[in-house]
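Every position in the sequence shown, counted from 1, becomes a number in this note's numbering once 78 is added.
For every residue, glycine included, the Cβ atom is placed at its ideal position computed from N, Cα and C.
Here's the structure, in structure tokens; my notes come after.
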Amino acid sequence: MTAPRLLESINSPADLRHLDRKQLPQLATELRAFLIDSVSKTGGHLSSNLGTVELTIALHAVFNTPEDRLVWDVGHQCYAHKVLTGRREGMSTLRMHGGVSGFPKRSESLYDTFGVGHSSTSISAALGMALAAKHKGEDRKAIAIIGDGAMSAGMAFEAMNNAGVADTDMLVILNDNEMSISPPVGALNNILTRLTSSKTYNAAREAGRHMLGFAPPLLELARRAEEHVKGMIAPGTLFEEFGFHYYGPIDGHDLDALIPTLENLKKLKGPKFLHVITKKGQGYKLAENDPILYHGVGKFAACDGIQSSKGPAKLTYTQVFGDWLCDMAKADSRLIGVTPAMREGSGMVRFSAEHADRYFDVGIAEQHAVTFAAGLACEGLKPVVAIYSTFLQRGYDQLVHDVALQKLPVMFAVDRGGLVGADGPTHHGTFDLSFVTCIPNMVVMAPSDEAECRQMLSTAYSLDCPSMVRYPRGGGTGKVPAENLETLPVGKGEIRRQGKDVAILAFGSLVSAAIAAGDELDATVANMRFIKPLDVDLIVELAGNHSLLVSIEENAVIGGAGSEIERVLAERGVQVQFLRLGLPDRFIDHGEQGQLLAELGLDKVGIVRAIQHRLGGQTNPQ
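This is how it looks when you write it as structure tokens:
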């Protein structure tokens, strides 16, 4: 007789807590199967979510959520949590426009206690919640769930350092799966791995305790000796020094181990640290064997797994960068490649293989990555930092003080500039032109297509000052780059279409849409290329023979390239109608890139409509 399905009966953690504990393994099996089926139809993060099924069930079974606060780090492992907290039906809209977010989101559910998307924030947030509960006299728990990759970031240790002396009731769970998106690096990972692989140590400890239990004085002596040995080989000592009571490691897929442990820890006061061992992709052999491939997936047939494309894949900007990096490294031995744990995402896999001695993955540590690159530059090397726009935000102080102030030739290859699509507001690169252009000594450029991207990368690399090449996620117009390493004249744009009355000054990814709009309006279109330094001569020339100038950029309209054009015109006393188009002053939700651009009026139709509106004497509706 087939056992009744449990998952369909779970609409909240309260329903879960009414189940018999013996039923929970069945629920885990059903939940894992649901996630595989669901994500195969929508795309999303798979490996990490399969690895935390049992842990998620155990947490909601033991703790009184949402009264007790679960804080997920990064959020790559939150799908099981979403299913168990009333969003099972909504998972069919995962990461779609207007659908369920791929990350915890406070406005989406009371169970999403903290909005995340970037790593290493959970301990800080949970500490704040724990201290708030203490301040308000509330008896509730705060639990941070953080991965071993995220533990490499300085922010996590800043929070640990504070929490250990804060005299507060909180639990940190280290979800140790021995990998982040890229293979984990750093001393801490080595320590954790050493412990988790030491089955001999753990077996000997338990056997010794059993034997010496017949002689209490000997047992106490052995316990003290064990503490000394533990201090040499176990990570528990590190966390104990921070003021946490360390427990573990335990099997994160064993509900019979997880639940009693969490129940015990729930009763204990003070800062506690639980070390849990999980496996990414657990229960789906294809993901277990290749967790990186199945980290972030598009739609696929669950029974067959991800299939390689039959035809040649469209060239992406990321691939253009990866190929350029290898070619330039062959031409110049001074080149050093740096990434903060984004080897795959930033297109550095080939470089890491061909130039292993010049490849440095510094872990999830964006601040360190920037200053590390500054140190390399001080010694005459030419560091290239491959980083997403949204992650560069974390290294902003270092970009200002450690690189730009000293005018060091550090090159930033900034991927995911503009709207990224399904990952949503935590990953959209919408502010970089605004926050980088205002920094002295910087040269900032954005390519209109793949071929120009390669030229700009070479241009940035040739400079004796800090530079940034900003390019979008995915592909462009499909223009094939040349194989050479030729550069562009710094600060010079180009006319791509000659028209009359209206001149569209376009930057980067929106040049093609601007040309399409120019064709319909018979407008002049300029590919500005450089955000800093701007082509002032071109701007003044276009202002002199057109009645309306229009700037367009895939960046916040406040403080962006359009603002700089307006400043140039004002400083020179040039009087001309001016319209700025860009991203509005709000955070943009998740959705398909083209769909979002159309909704924001940054496709051909939207550009034409905005210009016609202005020519009609009305203010731009955006």
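Contact belief for residue i with residue j at Cβ below 8 Å, rounded distance in angstroms
i    : j    : result
S187 : R165 : 7 Å
A688 : L659 : 6 Å
A106 : L333 : 7 Å
A419 : G227 : 7 Å
L511 : R548 : 7 Å
K51  : F141 : Nothing in the structure corresponds to residue 51, since the chain is present only between 79 and 700.
G242 : F322 : 6 Å
L137 : L346 : Not a contact, Cβ separation roughly 16 Å.
A581 : H624 : 4 Å
L674 : E632 : The pair is not a contact, with the Cβ atoms about 10 Å apart (cut-off 8 Å).
G684 : A676 : 7 Å
Closest residue to residue i among the options (Cα-Cα distance)
i    : options                : result
F317 : K363, L249, Q484       : L249
D733 : F585, D217, S179, A601 : The question about residue 733 has no answer, for the chain in this structure spans 79 to 700.
L486 : T515, L511, M520, G502 : M520
V514 : H196, K610, R574, S629 : K610
A365 : A203, L113, D493       : L113
V498 : P144, R421, T468       : T468
I224 : F351, H138, C381       : F351
S116 : K160, A139, N562       : K160
A111 : F608, P338, G359       : G359
L680 : G496, P567, Y539       : G496
Q101 : F181, A139, G552, K377 : A139
V398 : M534, L678, L541, G672 : M534
T565 : M523, R147, V580       : M523
E20  : S198, S90, S587, R99   : Residue 20 lies beyond the stretch modelled for the chain, which goes from 79 to 700, so this question has no answer here.
H433 : G400, I617, G458       : G400
P567 : L128, Y395, L541       : L541
Neighbourhood of residue i by C-beta distance below 7 Å, restricted to the same chain and skipping five residues each side
i    : result
T130 : Q155, A158, N253, T356
A482 : I517, P518, N519, M520, P544
D405 : L563
D410 : K460
L454 : I414, P461
R436 : A407, L413, I414, G415
K183 : D190, G193
Strand pairing of residue i, partner residues [DSSP]
i    : result
T417 : D439
N605 : E572, A584
Y325 : L352
G507 : G496
F490 : V463, M546
I224 : L252
A634 : L661
W150 : I223
F378 : Answer by DSSP bridge pairing: none, since F378 is not bridged.
Chain-order list of residues whose beta-carbon lies under 6 Å from that of residue i (same chain, five-residue window excluded)
i    : result
V416 : F438, A447, A451, P461, V463
E86  : none
S202 : A237
G374 : H123
Y466 : D493, R494
A222 : V149, S200, I201, A204, V250
M489 : V462, A538, Y539, S545
G383 : L364
M606 : G571, L583, F585
W402 : R532, L535
G638 : L511, S512, E631, G660
Own chain, CB closer than 8 Å to residue i, minus 5 neighbours either side, in chain order
i    : result
E642 : T515, I609, K610, L612
A575 : The question names Ala, but residue 575 in the sequence shown is Arg. Here the set comprises I593, G596, D597, A601, T602, V603.
D663 : A634, V635, I636
L343 : L249, Y325, K350, L352
L84  : L97, Q101, Q104, L105, E108
A285 : With a pLDDT of 47 at A285, under the threshold of 50, the modelled position of that residue is not reliable, and no figure is offered here.
V686 : A595, E598, L599
beta-carbon residue i near the ligand SAH non-hydrogen atom, thresh 8 Å
i    : result
E677 : The ligand SAH is not part of this structure, which contains no ligands at all.
At least 3 beta-carbon pairs within less than 8 Å: the segment 173-191 vs the segment 225-232:
no
Tell me whether the segment 200-213 and the segment 130-139 touch, counting them as touching only if at least three CB pairs, one residue from each stretch, are closer than 8 Å.
no
Pairs of beta-carbons, one from the segment 635-652 and one from the segment 526-540, closer than 8 Å: are there three or more?
no
Quick check: the segment 468-477 against the segment 425-432, are there 3 or more CB pairs under 8 Å?
No: the two stretches stay apart, fewer than three of their Cβ pairs being nearer than 8 Å.
Taking 8 Å as the threshold, find out whether the segment 170-179 comes into contact with the segment 499-511 through three or more Cβ pairs.
yes
Validate contact between the segment 115-123 and the segment 86-104 using beta carbons, cut 8 Å, 3 pairs
no
I want to know whether the segment 191-204 touches the segment 138-152 - three or more CB-CB distances under 8 Å.
yes
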